[in-house]
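Asker: This structure is in structure tokens; I'll ask about it shortly.
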Ligand code: LLP
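Numbering (my numbering), first residue to last: 231 to 640.
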């Protein structure tokens, strides 16, 4: 949805420099159309099988983003009581909400049971016992899927590999069948599905296929023991294109590797986060100062690592473009923020037109794990968020104030 009209960069029908002037910078800007298109691509890809597309709201938990997706018919993948709260507020049907995470507290389990969510993705026998006990106390039954660690290498940043031996996630592949058999004796548990999530920003479809094939073997063995697996949840993880030359598989390619492994007669759950919201959101910032030091050029912007931590944390690449094309000569520069750490950068050694003080730049594809992972480090209030719909730009989260920084302090 980003395109130039003459020399100005637009998102849908709104000029980005107008957004900067109206709402200030740094600011996260989302395209309603892009979110909708991304979700529709999933819907279309899965429509011939009984499926729920559960948006992984950890990637972006802005209420307007969530509301839009719930209205489009998405379910939600949650990972904490707080996420469940946001999703219920945003109108997701509890019967389309799944709840994953290796450290669910008793309070969170109780909240999820009372909210009548579809099911828990369970990561250990101790967690299963906690859910069983709390369900008993509430005189209810808990639907669960075991999250299996299939020991497949998704070839992504080590911090976001989750389906490999040695990570903290899931029940080890070799112990999966045993776990299902053991769970039969827990009387407040309904064994309903099987879950895997092998990692994030995965650009090759093969690991998804390998994981599905391994999961199918478990399903067959479990069903031989008289346990019916109704739901197959393949998690999220589909990567997106962050830079030129990168190619990302699409929802249809993912569906086409998952469905044939299991066939008809089951229900499927997908948990995409990044591939729904990643390229639908961008971080707009202002160049405060330019400087040269130690043989390098720096553009210092008003957005920093507290606003977008991905470059610092994962060495992630986000394309950075000026929102106005000029004839200024090209320079190589680091685009950095105002935080007191050398790790505070949006991009290093980027070639772009020399920027004027006060010009605006766009850090692209920051919709996933951008605002959601932002913090107030250096006592910097959280940024505003804006949703664009055609020619309208609407504030969907106010910029926090200095007063907000002191909220809850005693
Ligand atoms: N399901 C589960 C159980 C997950 O843990 C995740 C992401 C997803 C689904 C969604 O994955 P996606 O489709 O967004 O790849 N902060 C990191 C990414 C962390 C992913 C955590 N789990 C980043 O900025 O790259």
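Note that CB positions come from ideal geometry on N, CA and C, so glycine has one too. From a predicted model like this one, the values you see are computed outputs, not experimental measurements.
Assuming residue 552 is part of the beta strand (DSSP E), what are its boundary residues?
Answerer: 550–552
Asker: Using the C-alpha atoms, what's the distance from residue 379 back to residue 519?
Answerer: Rounded to whole angstroms, the separation of the alpha carbons of residue 379 and residue 519 is 48 angstroms.
Asker: Could you name each continuous alpha helix (DSSP H) segment of 4 residues or more that falls completely within the stretch 305–338, going from the start of the chain to the end?
Answerer: Every unbroken stretch of the alpha helix (DSSP H) spanning 4 or more residues and falling wholly within the stretch 305–338 is given here in chain order: 311–319.
Asker: Mind checking whether the beta-carbon of residue 544 lies closer than 7 angstroms to any heavy atom of the ligand LLP?
Answerer: Yes, the ligand LLP has a heavy atom inside 7 angstroms of this Cβ.
Asker: Hey, out of 312, 423, 310, 413, whose CA is closest to residue 349's CA?
Answerer: 423
Asker: Assuming residue 416 and residue 401 are in contact, meaning their beta carbons sit under 8 angstroms apart, how far apart are those beta carbons, in whole angstroms?
Answerer: Not really, about 14 angstroms apart at Cβ, beyond 8 angstroms.
Asker: Taking the C-alpha atoms as reference points, what is the distance between residue 412 and residue 459?
Answerer: 15 angstroms
Asker: Which residue's Cα is closest to the Cα of residue 283: 260, 308, 263?
Answerer: 308
Asker: Hey, would you say the C-beta of residue 617 is under 7 angstroms away from at least one heavy atom of the ligand LLP?
Answerer: Result no, Cβ not under 7 angstroms from the ligand LLP.
Asker: Within the present structure, is the beta-carbon of residue 390 separated from the nearest heavy atom of the ligand LLP by less than 7 angstroms?
Answerer: yes
Asker: Pick helix, strand or coil for residue 472, following the three-state DSSP scheme.
Answerer: coil
Asker: How would you write the range of the beta strand (DSSP E) that residue 486 sits in, first residue to last?
Answerer: Here residue 486 belongs to no beta strand (DSSP E); instead the alpha helix (DSSP H) covers 481–492.
Asker: If you draw a straight line from the alpha carbon of residue 533 to that of residue 610, how long is it in whole angstroms?
Answerer: 10 angstroms
Asker: Is DSSP giving residue 505 helix, strand or coil here?
Answerer: helix
Asker: Could you spell out the range, first to last residue, of the alpha helix (DSSP H) harbouring residue 295?
Answerer: 293–302
Asker: Hey, residue 558 and residue 584: beta-carbon distance below 8 angstroms or not?
Answerer: Contact flag set, yes.
Asker: Where does residue 456 land, buried or exposed, given buried means 16+ other C-beta within 10 angstroms?
Answerer: Around the beta carbon of residue 456, fewer than 16 other beta carbons sit within 10 angstroms, so the residue counts as exposed.
Asker: Identify, in the order they occur along the chain, each residue of the same chain with its Cβ nearer than 8 angstroms to the Cβ of residue 346, setting aside the five sequence neighbours on each side.
Answerer: 324, 325
Asker: Using alpha carbons as the reference points, say which of 384, 529, 573, 524 lies closest to residue 544.
Answerer: 573
Asker: Give a yes or no on contact between the stretch 587–600 and the stretch 509–523, applying the rule of three or more CB pairs nearer than 8 angstroms.
Answerer: yes
Asker: From this set, 310, 267, 469, which residue's C-alpha is nearest residue 332's C-alpha?
Answerer: 310
Asker: How far does the alpha helix (DSSP H) with residue 268 in it extend, from its first residue to its last?
Answerer: 262–276
Asker: What span of residues does the alpha helix (DSSP H) with residue 379 cover, start to end?
Answerer: Where residue 379 is concerned, there is no enclosing alpha helix (DSSP H), although the beta strand (DSSP E) it sits in stretches over 372–379.
Asker: Which residues share a DSSP beta bridge with residue 284?
Answerer: 305
Asker: With a 10 Å radius around its C-beta and 16 neighbouring C-beta atoms as the bar for buried, classify residue 490 as buried or exposed.
Answerer: exposed
Asker: Residues in the same chain with beta-carbon distance under 7 angstroms from residue 634, minus the five sequence neighbours each way, listed in chain order, please.
Answerer: 611
Asker: Whole angstroms is fine: what's the gap from residue 552's alpha carbon to residue 507's?
Answerer: Spanning the two alpha carbons is a distance of roughly 22 angstroms.
Asker: Rounded C-beta distance between residue 281 and residue 498? I'm assuming under 8 angstroms.
Answerer: 4 angstroms
Asker: Taking the alpha-carbon of residue 315 as reference, which of 576, 302, 292 has the nearest alpha-carbon?
Answerer: 292
Asker: Which residues in the same chain have their Cβ closer than 8 angstroms to the Cβ of residue 628, if we skip the five residues on either side of it in sequence?
Answerer: 614
Asker: Shorter than 7 angstroms, the distance from the beta carbon of residue 501 to the closest heavy atom of the ligand LLP, or not?
Answerer: yes
Asker: Drop a sphere of 10 angstroms on the beta-carbon of residue 389, count the other beta-carbons inside from all chains shown, and report buried for 16 or more, exposed for fewer.
Answerer: exposed
Asker: Would you say residue 599 touches the ligand GTP, meaning its beta carbon is less than 7 angstroms from a heavy atom?
Answerer: With respect to the ligand GTP, the structure shown offers nothing to examine, as its ligands consist of the ligand LLP.
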